[in-house]
Amino acid sequence: MSGAVKIGKTLVLLVLLCSGLQLHAQAVQWTAFADLPDSLRRAPKPVLLFIHTDWCKYCALQDHNTFQNEQVSEKINGNFYALRLDAESRDALIFLNRNYEGAQDGYHELAEMLAKKDGQIIFPTTILLSEKLQLRERWCGFVSPAVLIPYLQGPPAAP
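Counting with mature numbering (1 follows the signal peptide of the UniProt record, and there is no 0), you get residues -25 to -1, 1 to 134 for the letters of the sequence shown.
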């Protein structure tokens, strides 16, 4: 077997191994805002809301380090409905039976309402809501897996 064929086979093997590892990594399954009311009616669960922008480096870091973490994604997917809100989205949406306008010259109305701290929006903002959409926790700024995981436990087992 020539050296080029060996190198080719080795590269193919490496690609297959790497793609297999990527498939094993579990990502958060994000829910659309429009689907949330029906989902909550069918199977009530708490809600995790991630408010971000495309330009925010800490948002990207949390998206990559926290939401790609296997423990975090497994717990969110099993115990929560996860929502993403791009604070600069121009799309109107309905949340808690109220219409929120998309960003025109600033930020989305819902992002303004939920992510403001001391009159300023902080990105990212991560919010945990109960299954009745009542505020449980809110973090303004980057949230690591170590901080988030204790809050992602499922409901206690029935006796």
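Where a beta carbon is used, it is the ideal one built from N, C-alpha and C, also for glycine.
Residue burial classification, residue i (beta-carbon count within 10 angstroms, cutoff 16)
| i | result |
| --- | --- |
| N44 | buried |
| P19 | exposed |
| G105 | Looking at the sequence shown, residue 105 is not Gly but Ser. Looking at its Cβ environment, which holds fewer than 16 other Cβ atoms inside 10 Å, S105 is exposed. |
| K50 | buried |
| V118 | buried |
| V22 | buried |
Continuous beta strand (DSSP E) stretch holding residue i: start and end
| i | result |
| --- | --- |
| Y56 | Y56 to D61 |
| C115 | L110 to C115 |
| F33 | One point to set straight first is that residue 33 is Tyr, not Phe, in the sequence displayed. Counting along the chain, Y33 falls outside any beta strand (DSSP E), though it belongs to the alpha helix (DSSP H) covering K32 to L36. |
| L103 | T100 to L104 |
| P22 | The residue asked about is misnamed: residue 22 is Val in this sequence, not Pro. Looking at the DSSP string, the run of the beta strand (DSSP E) that includes V22 is V22 to H27. |
Chain-order list of residues whose beta-carbon lies under 8 Å from that of residue i (same chain, five-residue window excluded)
| i | result |
| --- | --- |
| Q(-4) | For Q(-4), the predicted model reports a pLDDT of 42, less than 50, meaning its position is unreliable; a value from the coordinates is still stated below. Here the set comprises nothing. |
| residue 136 | Here the chain covers residues -25 to 134 and nothing more, so residue 136 does not appear. |
| G81 | E87 |
Cβ-based neighbour list, residue i, same chain, cut-off 6 Å, excluding 5 preceding and 5 following
| i | result |
| --- | --- |
| C31 | F98 |
| E84 | Y75 and E76 |
Cβ neighbours of residue i in the same chain (closer than 7 Å, five flanking residues each side left out)
| i | result |
| --- | --- |
| A86 | I26, L60, A62 and I96 |
| D66 | G77 |
Nearest residue (CA-CA) to residue i, options the options
| i | options | result |
| --- | --- | --- |
| L24 | D13, R17, P12 and F8 | F8 |
| Q4 | F42, G116 and L123 | F42 |
Residue range of the alpha helix (DSSP H) that includes residue i
| i | result |
| --- | --- |
| R65 | Segment: none, R65 is in no alpha helix (DSSP H) and carries neither H nor E. |
Legend entry - Contact the region 68 to 75 vs the region 34 to 52: 3+ CB pairs below 8 Å: no
Inset, instruction - Say whether the region 88 to 101 touches the region 46 to 57, bearing in mind that this needs 3 or more beta-carbon pairs closer than 8 Å, one atom from each stretch. - result: no
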